[in-house]
Structures are given as structure tokens and as C-alpha cells.
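Q: Residue numbers (the working numbering), protein chains in the order written: chain A, 1 to 419; chain Z, 1001 to 1311.
Here a beta-carbon is modelled for each residue, glycine too, at the ideal position from N, C-alpha and C.
Nothing here was measured: the structure is a model prediction, and the numbers come from that model.
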Amino acid sequence: MRKLTMAATIALLASAGGASAQTLSLVEVITSPPRTEQLRAMVDQFEAANPGVTVEITSLPWGQAFERLATMVQGGQTPDVVEMPDRWLSLYANAGQLVDLTPYLAEWDGTAELTDATKAFGSVINGQTHMIPYGFYLRAMFWNKKLFAEAGLDRAPQTLQEFYDYSAKIAELDGKYGYCLRGGPGATNGYIMMMLNFLGENKYFNEDGTSTLDDPKAIEGLQFIVDMYQNGLVPRDSVNWGFNEIVAGFYSGTCAMLDQDPDALIAIKERMPAEDFAVAPMPLGPAGKSFPTIGYAGWSIFQDSEHKDVAFDLIAHLSSREMNLEWSKFVGVIPIHVGAEQDPFFTGPNFEGWFVEINDDRWEPTSMPTYLEEFGYFADVVSIQGGQEALLGQRTAEDVATEWADYLTPAQQKWLAAQ
Amino acid sequence: MAGSAVARPLTGRAGRGTGRLALALEPWVYLSPALLLLGLVMFVPLIVGFTYAFQDIRLLNPLAGGWVGLKNFETLMGDKNFRVALVNTVWWTVGSVALQFLFGLGLAMLLNRAFWGKRLVQAVVFLPWAVPTFLSGLTFAWLLNPVIGPVPHWLFAMGILEEPYNILGNPDLAMWGPIAANVWFGVPFFAITLLAALQAIPNEMYESAAIDGATAWQSFIQVTLPYLAPMIAITVLLRTIWIANFADLIIVMTNGGPANATQILPSYIFTTAYRKLDFGYASAIAMALLLLLFLYAVLLHQMRKLMRSTT
């Protein structure tokens, strides 16, 4: 019913507004009904402040969003504004389909308030700014204070050695484990982070395009996870665990540590008292550095848009301090403005870990090579199967890491050749 | 029209020849729309898929393409994952069909007698068949999860597991998870079909067996089974082919893991085609599966012929 009245209002406005009316189309790609409602409410405020402008929101379900958006763009139904996830950015930006926002940002008074990370991650292609990120999904370590206390521990591990030792102590408790390992769907991030931590560098490839994953130090990182599994510091089922299982394992108190993005906080908060857990920065590797994976999404404008200025006004509105704060609380991402951690919502031990990682340079958020077309199969199949074989002791860590490097090297070299 | 063709005066050999030809062709003309439709929806995709198996079709490699002869099949011969998936397919199919059949037969026998509330029980028994497989797969996956589900704790209490863990994470036991879900899902099919066959057995046969002093077991072996045999043969044949092709439960519950322990050929085809985007190789695996199922169908057909000739 509400939709109907809304549609009627839009139709009425469109006909009454005449020549001065402008209709912007916005496509969101990571969708759920309450999320769309939240976005709609934010967009309504924009419409109220800009008479004559209407915004139509199209929601694509995430599972089909990639194909659907690509079809829309190819079919000439290009939207003005699009929600752009990091892994599609290179595709659209390299094809010259996104507006370079640099001149707009130079004039916008909100630009100075954005964090450096926000500006940097919006401008990864050819030095142009193709999107304003709306927030970051960053890995940090959730830890269960109660279980830690039971094991005689009172703080989160700061180094990987402590991480291992603490896990071993907690695993001595009956039916409890140190770490909620993810060995099933989505396990890739965990392996890669650990391999980089031991490598001590935020580097996936050498200059010549060869992968660093078969470096002896990187192999040690994979071996570290394999040891944790084979020595019983993590649940034996975890070889198959995906997102739901690790989160359930954590809030049920089966395993005491969990590396996750802020969006997991929503599920955990519903089931665990806030004083029972905290979020610490990821443990530092042997080189004194840590590389938590970062993911992000943001707002972009398509080159084909006929209303680029108004479209920028819309994303400026969505990226304003007030709107972005509301949005990031709702979606579960780290907000994009300097000092956002001062907001009462983000202060306290539940958010501390993420802000330490952003503000302290011992932590270097790492973005996986999602620009490689072959990376999807690596993430969905190659790394999962190989990782499971290593965990179960069917293959050595070295054998698996070599297979990964052999898969990624030609992909990177192909990509380099095309640049 | 057929009548007019026959009634046409016979004017020499040539005329008679075309008349006969027209007569022979006539039914095919009427059948042609249906045949055309069948050909379009069944054989065209089959043939296109067949030709893919001899080509290099990798969507991620723009240089790929063109005919490569038997290269995909050569790769197949040396593919460790293919062999694992092949063995798993046999294991998955035989395990599922055998258990579904045994439980289905038992259920049909129980339902083939009058008792109070029979209609309600019948309706409930057939319910699993109506549940979408994705839903039953998810439900079983959670039932087997020790954090949320009760099953691992029951198995532990019964002494079957040494600790309450998820069998889906153990490569030696993981296949039992999807098989259990598949048995739950597939028992009603056997129960329905076998119950229908049971009800068709004339009661006199049991009466005369009883008069001859047959025990319950003897009348089951001598009367029930021979009457059921044709139905059993056809349902087992059908179910075997369906189950060998049935990857939904496995994809939902384990996605072929851990470490390929539950990877069957259809799930391997799916990942090769839609994750690796290598349609040529996926088609080659599909051809191998098709060949195996075809051989199986021929074998079973011969067995049925043999059975019929001996009785």
C-alpha cells in the first residue's frame, strides 16, 4: 500500500513538476527490505530539500545484482547513481563508465571531513576518484570475556604467538575452543590474512606478477592455521564452517575468538550481553604488523547520467556526516568521517578494535586482488578445497600454497599484460 | 484423409508406391509438431552440450575457443577430483536408493492395513516429498550442527560418536549427512508407489498361502515380493538415475566439502561450469555421467528381460 501511494505521489510530482522536474535513478545492489526502507527514508530527506527532484530506487538482490546491473548498463538503462561494491569498481571504472568525482570533491565542503582511507579507497583506479565509499567492512577480533576469564586470561592477544597460546589455554576447558575458524565458504580471507602476517608485507604479487603466496614465510602462515586445527585449538567441525556457523559458535560460547566485520556485531549483540565480549585489533604477526582484510562499498555516478550535478548532490547528501552515521550504524560498517568514533554508538570496547586498526599504522588494511577475473573461482573453490585438504592433513601446507600461487600468477600476469 | 488415400484408384506401380509412401508418412505428419517440440527442447540442448565437450569454452579466457578434439576427455582421465567424485557418486546413489527403498517398503507395508487415523498418517508420511529440497538441506545441516542441533548429542549419548561434533566436517562420515536428508526426502516416493502396488495384490493369494500353512515371512517372500517385483524394478531404476543427478542437498549441506569428501559428479559439473566458468570441461564430465547412466539403464533393462524370460 505504501509503495502504491509512493508511486502515485511520484507520478503526480512528475506530471505537476513539468520541465523543471528531474528524476534520478538509484540502484542499490546489497539489499534487504529494511535496508531499502532506511535508504528510502534518507532519500526522502533529499527530495524534501530539493523540490522538483525525485529519486527512484531500484533494488537488486545481491545474488543476481552483478548480472542484472551489467544487463541494465548494456541495455542503455544506465542509472544515475549506483551503489558500487569494491569488487566491481575496477570493471566499471576501467571501462570509463564512472564519473571522475575529483572536481566535485574539490568544491564540496564535506571533503575535508572524510578519513584518508575513504579518499584512498575511492580512488584506486588511475588516480581518479570514482566513488565515495559509505563505509568499511574490516576484520577485527571479537573475544569472549567470560571464556577468557574461565581460562585465567584477562585481555585479548596482541601477537599471533599469544593468539596461539591463549587458544591452547581455552581449548583445555571442556568442550571449549580458542578460535572460531572458518574453513568452509568464505575461508579465503582467513588464510590470506595469516599468510600476509607471516610474510610481513601487504603484497600479493612481485613486480613480475608472480604470487607471493608460496614464499616460505607465507607458507608458515598457512601452516600456523593448520597446526591450530590439528592440535585441537579450534572445533573439528570448523573445517566446514561458514559465516553463520562461526557467528553461532561465538555467541554460543563454543569458541572464544572470532575474526569478523562490524556487520557480525548486529547478530552477536542480539544474543550476547554487551559486557560479555569486546572487539580487539587483529593480533600482530612476527614482523610486528598485521593485515586485516578490508572491504567497502560506496556511491558512484555513471558517465551516461544526464543529471550529474544533481546526482552528486544526492551522494553528497548520503555521504554527509549525519546521514552516513545513521547509515553505517544501520548497515554495520565503519563510518567514513574523521572523528566518527566519538559518537556514543562507536565508543566503548565493542568498537575499539576497528578504530585502532584504522588509526595505528602497525595495522595495514589489505584489499584482496578482486580485480582479477580468476579471483572468484580462487575464493569460491580453489582456496576452500585446498585449505580443507591442508587442515585435514591430506596435503601439506606447502603443496597447497604452491597450488594457490600457481593459480594466481598467470592471472596476475595476464592482467599486467592488459594494463 | 487416410480413407481417401486408400480409396484412390490404383494407377500403376508408381502411383501405388507414392500412395503407400504417403500412407506411411501420414502419421508422422500429424506427429510432427510434437516431435519438433520434443526435438527442440530435448535433443538440441543435448547435442549442443555434447559439442561443448569437444571445445575449449572458458568464459574467463578470451583466447579460448575452437575445437580441441578429445583434449577435455584426456584431462578427465588424469583428473584426481573426477575419480573422487565418481566413487562418491556411486556411494551416494547406492546408499540413498537402498535406504530409501528399504524404509519405503517397510512404510508401505505398515500403511497397507486398516487402522484408526490411517488417512491422517498417510498424509503426514508423504509430507517430506513436498518440502523444497533446499529447505530440507538447510534444516538437516543445522540439525547436525552441535551448537544448535540435537543430533550430534544424541549420537554421542548412544556412543556412536566419541564427542558431539558435526559429522559434515569429518571427511569419513560427511556423506552420511546428505544421505540421511535424502532418505528422509525420498522415502515417501517409494512408500506411495509400493503402497499402490501392494493394494493391487489380490487378497485370495494371501488366503491360499495361509491355507497352505505359509508363515508371514514365507507369504512375504512368495507372494508379496513377486507381485511387487516389476514396480520395484521400475522405481529403483528411476530413482537411481534421479539421485545420481541430484546435487541440491549436497550443494546446500556441504558444497562438496570437506576437501571433496562429498563431491559427486553433478556438483563437480556445477562448480566447473558456474564457478570456474569452464563450460567445455564441465560438458566433458557431464558426458561421462551420461554414459555411465546409459550403461546402467541398459544393464537393468537386460536384467528385467532375463527375469521375465525365467518366470
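#1: If you run the structure through DSSP and keep just helix, strand and coil, what is D1056 of chain Z?
#2: Per DSSP, N144 of chain A is paired with what?
#3: So with Cβ pairs under 9 Å, would you call G1257 of chain Z a contact of chain A?
#4: Among A:G221, A:I246 and A:W354, which has the Cα closest to the Cα of G184 of chain A?
#5: Would R430 of chain A be called buried (16 or more neighbouring beta carbons within 10 Å of its own) or exposed?
#6: To which residues of the same chain is V1090 of chain Z closer than 8 Å at the C-beta, ignoring the five residues directly before and after it?
#7: Does V1151 of chain Z get closer than 9 Å to chain A when you measure Cβ to Cβ?
#8: Count the other C-beta atoms from every protein chain shown that fall within 10 angstroms of the C-beta of H1301 of chain Z, then say buried if there are 16 or more, exposed otherwise.
#9: For M141 of chain A, count neighbouring C-beta atoms within 10 Å of its own C-beta (all shown protein chains included) and say buried if the count is 16 or more, exposed if not.
#10: Going along the chain, which residues of its own chain have a beta-carbon closer than 7 Å to the beta-carbon of G1137 of chain Z, five neighbours each way excluded?
#11: When the Cα atoms are used, what is the spatial distance from G221 of chain A to L1076 of chain Z?
#12: Report yes or no: is there a C-beta of chain A within less than 9 Å of the C-beta of N1072 of chain Z?
#13: Per DSSP, what are the beta-bridge partners of T58 of chain A in this structure?
#14: Quick check: the stretch 98-108 of chain A against the stretch 121-129 of chain A, are there 3 or more CB pairs under 8 Å?
#15: Step through the CB atoms of chain Z and report whether any lies within less than 9 Å of the CB of Q388 of chain A.
#16: I'd like to know if P262 of chain A contacts chain Z, where contact means its C-beta is closer than 9 Å to some C-beta of that chain.
#17: So with CB distances below 7 Å, who are the chain A contacts of N1260 of chain Z?
#18: Going along chain Z in order, which residues have a C-beta closer than 9 Å to the C-beta of L416 of chain A?
#19: If you draw a straight line from the alpha carbon of P157 of chain A to that of A411 of chain A, how long is it in whole angstroms?
#20: For P1146 of chain Z, is the classification buried or exposed, using 16 other Cβ atoms within 10 angstroms of its Cβ as the cut-off for buried?
#21: Taking 8 Å as the threshold, find out whether the stretch 1147-1154 of chain Z comes into contact with the stretch 1216-1223 of chain Z through three or more Cβ pairs.
#22: Using a C-beta to C-beta distance shorter than 8 Å, which residues of chain A count as neighbours of Y1165 of chain Z?
#23: Pull up the DSSP beta-bridge partners for P133 of chain A, would you.
#24: Is the shortest distance between the beta-carbon of Y179 of chain A and the beta-carbons of chain Z less than 9 Å?
#25: Can you pull the chain Z residues whose beta carbon is under 7 Å from the beta carbon of S252 of chain A, in chain order?
#26: Look at A311 of chain A and D80 of chain A and say whether their C-beta atoms are less than 9 Å apart.
#27: Taking buried to mean at least 16 other C-beta atoms within 10 Å of its own C-beta, is T71 of chain A buried or exposed?
#28: Just to confirm my understanding: we take L1105 of chain Z, look at its own chain, exclude 5 residues before and 5 after, and list those with CB closer than 7 Å. What are they?
#29: If I measure Cβ to Cβ from A1007 of chain Z and keep anything under 8 Å in the same chain, skipping five residues before and after, which residues do I get?
#30: Distance, Cα to Cα, S300 of chain A vs K203 of chain A?
#31: Which residues in chain A have a C-beta closer than 8 Å to the C-beta of K1276 of chain Z? List them in chain order.
#32: Note down, in chain order, each residue of its chain lying with its Cβ closer than 8 Å to the Cβ of N1081 of chain Z, except the 5 sequence neighbours on either side.
#33: Quick check on L1238 of chain Z: buried or exposed, where buried means 16 or more other Cβ atoms within 10 Å of its Cβ?
#34: Tell me which residue opens and which closes the beta strand (DSSP E) that M84 of chain A is part of.
#35: Let me know if Y1030 of chain Z comes out buried or exposed under the rule of 16 or more other beta-carbons within 10 Å of its beta-carbon.
#36: Here's the rule I'm using: 16 or more other beta-carbon atoms within 10 Å means buried, otherwise exposed. How should N359 of chain A be labelled?
A: In brief:
#1: Here the question's residue 1056 of chain Z lines up with position 56 in the second sequence. Three-state DSSP puts D1056 of chain Z in coil, outside helix and strand.
#2: Within the first sequence, numbered from 1, the residue matching residue 144 of chain A stands at position 144. Answer is A:F277, bridged to N144 of chain A.
#3: Along the second sequence, read from residue 1 onward, the residue named residue 1257 of chain Z stands at position 257. Judged by the 9 Å Cβ criterion, G1257 of chain Z is in contact with chain A.
#4: The residue you call residue 184 of chain A lines up with position 184 of the first sequence. The shortest C-alpha to C-alpha distance from G184 of chain A to any of A:G221, A:I246 and A:W354 is the one to A:I246.
#5: As displayed, chain A neither begins before 1 nor continues past 419, which places residue 430 of chain A out of reach and without an answer.
#6: Taking the second sequence and counting its residues from 1, the one referred to as residue 1090 of chain Z is at position 90. Nothing meets the Cβ criterion.
#7: Numbered from 1 along the second sequence, position 151 holds the residue referred to as residue 1151 of chain Z. Not an interface residue.
#8: Counting from one through the second sequence, the residue named residue 1301 of chain Z turns up at place 301. Classification for H1301 of chain Z: exposed.
#9: For the purposes of this step, residue 141 of chain A is identified with residue 141 of the first sequence, where counting begins at 1. Label assigned to M141 of chain A: buried.
#10: Sequence index remark: in the second sequence, residue 1137 of chain Z carries index 137 (1-based). Correct list, in chain order: A1181, D1248, L1249, V1252 and M1253.
#11: As a first step, residue 221 of chain A must be located in the first sequence, where it is residue number 221. As a first step, residue 1076 of chain Z must be located in the second sequence, where it is residue number 76. Computed Cα separation, rounded: 33 Å.
#12: Taking the first residue of the second sequence as position 1, residue 1072 of chain Z is located at position 72. N1072 of chain Z does not count as touching chain A.
#13: For the purposes of this step, residue 58 of chain A is identified with residue 58 of the first sequence, where counting begins at 1. The partner list for T58 of chain A (beta bridge, DSSP) reads A:V27.
#14: yes
#15: Taking the first residue of the first sequence as 1, we reach residue 388 of chain A at position 388. For Q388 of chain A, the answer is yes, since a Cβ of chain Z falls inside 9 Å of its Cβ.
#16: Residue 262 of chain A sits at position 262 when you count from the first residue of the first sequence. The beta carbon of P262 of chain A sits no closer than 9 Å to any beta carbon of chain Z.
#17: Locating residue 1260 of chain Z in the second sequence gives position 260, counting from the first residue. Near N1260 of chain Z (Cβ distances below 7 Å), the residues of chain A are Q385.
#18: Walking along the first sequence from the start, residue 416 of chain A turns up at place 416. In chain order: nothing, as chain Z lies at least about 16 Å away.
#19: For the purposes of this step, residue 157 of chain A is taken as residue 157 along the first sequence, with counting starting at 1. For the purposes of this step, residue 411 of chain A is taken as residue 411 along the first sequence, with counting starting at 1. A direct Cα-Cα distance of roughly 36 Å separates P157 of chain A from A411 of chain A.
#20: Reading the second sequence from its first residue, position 146 is the one you call residue 1146 of chain Z. By the neighbour-count rule (16 or more Cβ atoms within 10 Å), P1146 of chain Z is buried.
#21: No: fewer than three Cβ pairs fall under 8 Å.
#22: Along the second sequence, one-based indexing puts residue 1165 of chain Z at 165. Against chain A, a Cβ distance below 8 Å from Y1165 of chain Z picks out P235, R236 and D237.
#23: Indexing the first sequence from 1 puts residue 133 of chain A at position 133. Note: P133 of chain A sits in a beta bridge opposite A:G298.
#24: The sequence position of residue 179 of chain A within the first sequence is 179, counting from 1. With 9 Å as the cut-off, Y179 of chain A does not count as an interface residue toward chain Z.
#25: Residue numbering aside, residue 252 of chain A sits at position 252 when the first sequence is read from its first letter. In chain order: V1147.
#26: For the purposes of this step, residue 311 of chain A is taken as residue 311 along the first sequence, with counting starting at 1. For the purposes of this step, residue 80 of chain A is taken as residue 80 along the first sequence, with counting starting at 1. Yes, the pair counts as a contact, with Cβ atoms nearer than the cut-off.
#27: Within the first sequence, numbered from 1, the residue matching residue 71 of chain A stands at position 71. T71 of chain A sits exposed, since fewer than 16 C-beta atoms from the chains shown fall within 10 Å of its C-beta.
#28: Indexing the second sequence from 1 puts residue 1105 of chain Z at position 105. Closer than 7 Å at the Cβ level, and outside the excluded window around L1105 of chain Z, lie F1190 and L1194.
#29: Translated into positions along the second sequence, residue 1007 of chain Z becomes position 7. Note that A1007 of chain Z has pLDDT 45, beneath the 50 cutoff, so the model's placement of it is unreliable and the number below is only indicative. None.
#30: Residue mapping note: residue 300 of chain A aligns to position 300 of the first sequence, counting from 1. Residue mapping note: residue 203 of chain A aligns to position 203 of the first sequence, counting from 1. If you take the alpha carbons of S300 of chain A and K203 of chain A, they lie about 27 Å apart.
#31: Locating residue 1276 of chain Z in the second sequence gives position 276, where the first residue counts as 1. Near K1276 of chain Z (Cβ distances below 8 Å), the residues of chain A are Y377 and V381.
#32: Indexing the second sequence from 1 puts residue 1081 of chain Z at position 81. Excluding positions up to five away in sequence, the list reads N1260, Q1263 and Y1268.
#33: Position 238 of the second sequence holds residue 1238 of chain Z. If you draw a 10 Å sphere on the C-beta of L1238 of chain Z, you find fewer than 16 other C-beta atoms in it, and that means exposed.
#34: Looking up residue 84 of chain A in the first sequence gives position 84. Where M84 of chain A is concerned, the enclosing beta strand (DSSP E) stretches over V81 to P85.
#35: By one-based count along the second sequence, residue 1030 of chain Z stands at place 30. It counts as exposed.
#36: Position 359 of the first sequence holds residue 359 of chain A. With fewer than 16 other beta carbons inside 10 angstroms of its own, N359 of chain A counts as exposed.
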